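Trainee: Residue numbers (our numbering), protein chains in the order written: chain A, 12 to 412; chain B, 12 to 412. All C-beta atoms in this analysis are idealised placements derived from N, C-alpha and C, irrespective of residue type, glycine included. Treat the numbers as computed from the prediction; the structure is a model and nothing was measured.
There are 2 protein chains.
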Amino acid sequence: MFKTGLFSRTKSEESKRIYLDYAAATPLEVVVIEVMQKYLHLYGNPSAIHQEGVAAKDVINDCQTRIARLLQIKPEGVVFTSGGTESNNLALLGVVEQLHKTGRAYDSMEVLTTGIEHPSISETILELKNRGVLVKYVKVDEVGKVSLDSLRENLSNKTVLVSVALVNSEIGTIQNIGAIARVAHEVDKSILIHADAAQSPYWMSVELPRIGADIISLDAGKCGGPKGIGVLAWQKRVQLTPVLYGGGQQMGLRPGTESVILIAGATMAIEQAQRKWQERSEKVTKVRNECIKKLKEEILDVILNGAEGEERVANNINISILGLDTEFAVVVLDKNGIAASTKSACSGAGGGESVVVKQISNDTARATSTIRLTLGEETTINDCQKMIQVLKEHVEKMKDY
Amino acid sequence: MFKTGLFSRTKSEESKRIYLDYAAATPLEVVVIEVMQKYLHLYGNPSAIHQEGVAAKDVINDCQTRIARLLQIKPEGVVFTSGGTESNNLALLGVVEQLHKTGRAYDSMEVLTTGIEHPSISETILELKNRGVLVKYVKVDEVGKVSLDSLRENLSNKTVLVSVALVNSEIGTIQNIGAIARVAHEVDKSILIHADAAQSPYWMSVELPRIGADIISLDAGKCGGPKGIGVLAWQKRVQLTPVLYGGGQQMGLRPGTESVILIAGATMAIEQAQRKWQERSEKVTKVRNECIKKLKEEILDVILNGAEGEERVANNINISILGLDTEFAVVVLDKNGIAASTKSACSGAGGGESVVVKQISNDTARATSTIRLTLGEETTINDCQKMIQVLKEHVEKMKDY
């Protein structure tokens with residue numbers, strides 16, 4: 012039996028590791044491990060009509076219903092995918108290809124997004140562009156918030172979809188999806204709003220009516236669940252076409268034999284994350300604010316990337332230290348027992364420019380010197396102090412060179 | 012701790028269940044459960060450069076190397092997907108779209124397949140057709156073997172890809188992929204041969220040079236591994252483009268955070284399946300042959316679908332009983348403790364015609380009265396006897412109506 016939490020991180024070490032990369036990956040919650048173990052024996056194919064198949068299918072149906080209830084939608088609006096990336100692909104390609112199937116030409120469709128999205132959005136958007144869809148990038152401000160004026164300017168009667176992350180994975184900026192939806196629907200009520208909510212379940216509500224989104228993507232591996240499983244969820248008016256081709260599983264929208272273990276683990280993780288998000292968020296916000304304050308006090312050249320206060324997700328700290336080789340800094344932190352990153356893991360966690368920080372700052376020096384520190388529920392201010400101490404010493408040492 | 016095997020199937024029952032649907036899904040092997048549990052704590056994002064990330068990446072690299080060694084290819088020819096369905100999608104769309112990217116028009120490409128493929132092949136082929144690719148269906152004979160004459164007739168200088176299942180999932184017919192490759196390469200050496208090998212690892216070698224395939228698809232859930240994870244493997248000359256869009260994971264061919272648990276479980280499962288395939292195959296072939304013999308003796312109207320002897324995979328029995336409602340028969344078997352199916356689970360495991368049996372027999376009565384019985388390593392002739400007894404009684408009762 013394995014435990015999550017700090018214990019599990021330090022398998023081969025005496026000293027405690029300080030893990031500050033929760034945005035990249037989260038440990039499995041104990042309750043998630045338990046439910047996965049509980050269902051290890053349920054190996055039947057959920058499409059089979061015998062007892063083994065029905066037992067598997069029952070769990071999947073139950074999970075679909077529980078996710079739907081949690082997100083305040085109908086069970087027919089829940090599909091399990093292989094993760095956040097596939098969910099984002101299915102949202103964007105699925106909506107556009109469904110319209111295309113019903114006779115709408117690619118070049119009569121416009122999709123709006125921003126220049127600070129995760130690669131699973133930005134690369135899928137580029138594929139839509141390849142297929143002939145018109146793509147427009149709405150401006151974001153200096154903290155990464157969507158400019159509603161720019162949105163208004165870019166909307167047209169061709170717009171079919173607006174896709175924006177609810178929480179930016181690098182700088183933690185929270186978008187007001189409801190406001191974006193209202194502006195879009197002033198132009199055309201049929202415009203669909205997609206929110207990539209992969210970074211959200213631990214820290215805020217992901218109920219669709221509350222967010223104001225028509226479709227959201229979730230990833231179990233970012234909120235205490237297993238990797239390799241995600242959710243795409245939508246409200247009634249969304250029509251999708253699958254992006255993979257095969258059997259008729261999951262209402263014909265996602266072929267392939269469903270995994271009971273993964274689906275049950277994901278459902279438990281998302282439920283658990285949502286159950287205490289407010290309490291967790293308040294607690295971690297305090298640690299984060301204290302950590303940012305101390306970072307600025309201790310290391311003079313620190314620039315905070317992203318919003319402050321309520322517009323920033325509870326667990327995100329993203330800083331630039333101009334002139335510092337932050338990839339090296341992350342390696343030094345690691346050697347001293349602290350896991351951090353320079354940007355999002357999917358963008359290549361090592362060197363190179365942060366597209367997000369470049370976009371909000373238009374400053375290459377700032378975009379090439381980012382460090383992302385993403386906290387967990389049990390991160391303490393002590394952990395942050397240690398991190399700051401190591402980083403400060405490293406910065407000072409580098410200055411001497 | 013959960014055990015696989017017979018014990019795990021009978022959780023809530025006193026009597027032993029007889030599971031004869033191994034082609035639809037297999038129980039997790041104990042060694043697979045063990046390796047998955049071992050890595051539950053390795054939660055780091057494999058793209059991250061810190062210790063937690065590197066530990067995860069190390070396991071994935073090791074698994075990629077082990078699969079490559081097992082399949083007698085290079086590690087650069089191994090990608091982990093979300094299952095057999097995604098592997099088949101990536102094989103077909105990946106090859107064609109890569110050629111399209113390099114300037115080849117869709118209508119200058121021809122893809123050859125058969126009319127008896129799994130939906131993850133046949134539906135992906137239809138998508139290729141939608142995109143303008145020319146699709147030709149090579150004839151199969153009355154046991155489902157590809158006609159090399161028909162193949163020869165259909166090949167042309169436009170042919171880029173031939174896709175055939177190594178083992179047919181419904182009737183168990185084994186194709187001679189090497190012979191198919193030789194005929195294809197007489198026309199054009201650059202034609203790629205794809206074999207869907209999802210049904211194979213327990214029963215035959217899946218080494219690519221031995222099979223004679225350029226690309227193969229595998230699915231861990233069909234050989235003692237977890238569901239939700241598959242492999243696409245290829246020899247050096249194959250060039251692919253991804254079917255999902257996002258981060259640069261897995262050599263840029265398959266975006267999304269890799270799951271250590273699933274990849275390690277899949278690797279262990281495929282290795283274990285391949286380690287003893289010959290012994291397992293010989294043992295189960297005897298049980299299968301005895302079972303077929305007794306079925307024919309006891310139930311006079313039984314017609315065997317598919318090949319006999321070495322051209323049939325060890326564990327497959329597919330019969331038609333003309334005039335019988337075999338969906339009802341499968342339900343009756345289930346009530347009597349026996350799990351069977353009418354056809355492949357992905358084709359909808361319940362009623363309706365078997366496309367495969369219709370294709371080989373051109374006989375609707377035969378195609379609508381199929382029962383598929385797929386054995387496992389520990390299936391005994393006693394299990395088969397019980398199944399035959401129940402089926403026989405049911406057939407006789409139905410005759411009385």
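With three or more C-beta pairs closer than 8 Å as the rule, is the segment 316-335 of chain A touching the segment 368-388 of chain A?
Mentor: yes
Trainee: Quick one: Cα of A:Phe-18 to Cα of A:Val-406, how far?
Mentor: Low confidence applies here, because A:Phe-18 scores a pLDDT of 38, under 50, leaving its location unreliable; read the following figure in that light. Computed Cα separation, rounded: 30 Å.
Trainee: DSSP state of A:Trp-245, grouped into three classes?
Mentor: strand
Trainee: Nearest by alpha-carbon distance to A:Gly-334: which of A:Ile-328, A:Ala-376 and A:Asp-69 is it?
Mentor: For the residues A:Ile-328, A:Ala-376 and A:Asp-69, the minimum Cα distance to A:Gly-334 belongs to A:Ala-376.
Trainee: Measure the alpha-carbon distance for A:Leu-110 versus B:Lys-233 and round it to whole angstroms.
Mentor: 36 Å
Trainee: Does the distance from the CB of B:Pro-220 to the CB of B:Gln-83 come in under 8 Å?
Mentor: yes
Trainee: Mind checking which residues open and close the alpha helix (DSSP H) that includes A:Asp-411?
Mentor: Residues 392-411.
Trainee: Note down the Cα distance separating B:Ile-382 from B:Asn-300, rounded to an integer number of angstroms.
Mentor: 16 Å
Trainee: Thinking B:Ala-277 and B:Ile-240 are a contact (beta carbons under 8 Å), I'd like their distance in whole angstroms, please.
Mentor: 4 Å
Trainee: Below 8 Å on the Cβ atoms is my contact criterion, and I expect A:Leu-177 with A:Ile-222 to pass it. Report the Cβ-Cβ distance as a whole number of Å.
Mentor: Rounded, the Cβ-Cβ distance is 6 Å, consistent with contact.
Trainee: Indicate whether A:Lys-238 and B:Ser-270 have their beta-carbon atoms separated by less than 8 Å.
Mentor: yes
Trainee: Contact criterion: CB-CB distance below 8 Å. Does B:Pro-86 meet it with respect to chain A?
Mentor: No, no contact with chain A.
Trainee: Taking B:Ser-380 as the reference, give the member of B:Leu-386, B:Val-217 and B:Ser-352 with the closest Cα.
Mentor: Taking only the C-alpha atoms, the option nearest B:Ser-380 is B:Ser-352.
Trainee: Measuring only between beta-carbons, confirm whether A:Glu-364 sits less than 8 Å from chain B.
Mentor: no
Trainee: Rounded to whole angstroms, what is the Cα-Cα separation between A:Ala-275 and A:Ser-93?
Mentor: About 13 Å.
Trainee: Is the beta carbon of A:Ala-36 sitting closer than 8 Å to the one on B:Gly-55?
Mentor: Yes, Cβ-Cβ distance for A:Ala-36 and B:Gly-55 is below 8 Å.
Trainee: Keeping to the same chain, check which residues put their C-beta closer than 6 Å to that of B:Pro-212; ignore five residues upstream and five downstream.
Mentor: These residues qualify, in order along the chain: Cys-234, Ile-281, Ala-284 and Gln-285.
Trainee: Since A:Val-157 contacts A:Val-175 with CB under 8 Å, what's their CB separation in whole angstroms?
Mentor: Contact between A:Val-157 and A:Val-175 is confirmed by a C-beta separation of about 6 Å, below the 8 Å threshold.
Trainee: Between A:Asn-168, A:Glu-321, A:Ser-58 and A:Leu-162, which lies nearest to A:Ser-119 when the distance is taken from Cα to Cα?
Mentor: A:Asn-168
Trainee: If we count the other Cβ atoms within 10 Å of its Cβ and call it buried at 16 or more, is B:Lys-354 buried or exposed?
Mentor: buried
Trainee: List the residues of chain B whose Cβ lies closer than 7 Å to the Cβ of A:Ser-270, in chain order.
Mentor: Pro-237, Lys-238 and Gly-239
Trainee: Suppose contacts are defined by Cβ-Cβ distances below 8 Å. Is A:Trp-228 in contact with A:Asn-99 by that definition?
Mentor: Looking at the sequence shown, residue 228 of chain A is not Trp but Ser. It is a contact, given that the beta carbons lie within the stated cut-off.
Trainee: Would you give the residue range spanned by the alpha helix (DSSP H) that A:Lys-307 belongs to?
Mentor: Run containing A:Lys-307: 288-309, per the alpha helix (DSSP H) assignment.
Trainee: For B:Val-341, return the contacting residues in chain A, with the cut-off set at a CB-CB distance below 8 Å.
Mentor: Under the 8 Å cutoff, chain A gives Ile-60 and His-61.
Trainee: Going straight from the alpha carbon of A:Ala-244 to that of B:Leu-137, what length do you get?
Mentor: 27 Å
Trainee: Taking a cut of 8 Å between CB atoms, which residues from the segment 24-54 of chain B lie near chain A?
Mentor: Arg-28, Tyr-30, Asp-32, Ala-35, Ala-36, Thr-37, Pro-38, Leu-39, Ile-44, Gln-48, Leu-51, His-52 and Tyr-54
Trainee: So which of A:Ala-209, A:Val-41 and A:Leu-51 has the shortest CA-CA distance to B:Val-41?
Mentor: Answer by Cα proximity: A:Leu-51.
Trainee: Are the Cβ atoms of A:Tyr-117 and A:Gly-88 separated by less than 8 Å?
Mentor: With contacts defined as CB atoms closer than 8 Å, A:Tyr-117 and A:Gly-88 fail to qualify as a contacting pair.
Trainee: As an exercise, report each continuous beta strand (DSSP E) stretch of at least 3 residues that is fully enclosed by the segment 325-358 of chain B, in chain order.
Mentor: 327-332
Trainee: Against B:Gly-126, what residues of chain A qualify as contacts under a CB-to-CB distance less than 9 Å, listed in chain order?
Mentor: The contacting residues do not exist; B:Gly-126 stays about 16 Å from chain A at best.
Trainee: Between the C-alpha atoms of A:Glu-45 and A:His-196, what's the straight-line distance to the nearest angstrom?
Mentor: Cα to Cα, the separation comes out at about 44 Å.
Trainee: Does the distance from the CB of A:Gln-186 to the CB of A:Lys-305 come in under 8 Å?
Mentor: no
Trainee: Spatial neighbours of A:Glu-108 within its chain, please: C-beta separation below 7 Å, excluding the five flanking residues on both sides.
Mentor: Contacts found: Thr-252.
Trainee: Look at the alpha carbon of A:Pro-86 and the alpha carbon of A:Glu-218, and state the distance between them as a whole number of angstroms.
Mentor: 13 Å
Trainee: Looking only at its own chain, which residues have a Cβ that is under 6 Å from the Cβ of A:Gly-126, when we skip the five neighbours before and after it?
Mentor: Tyr-148 and Gln-370
Trainee: Nearest to B:Lys-410 by CA position, among B:Ile-332, B:Val-342 and B:Val-249, is which residue?
Mentor: Minimum Cα distance to B:Lys-410 is reached at B:Ile-332.
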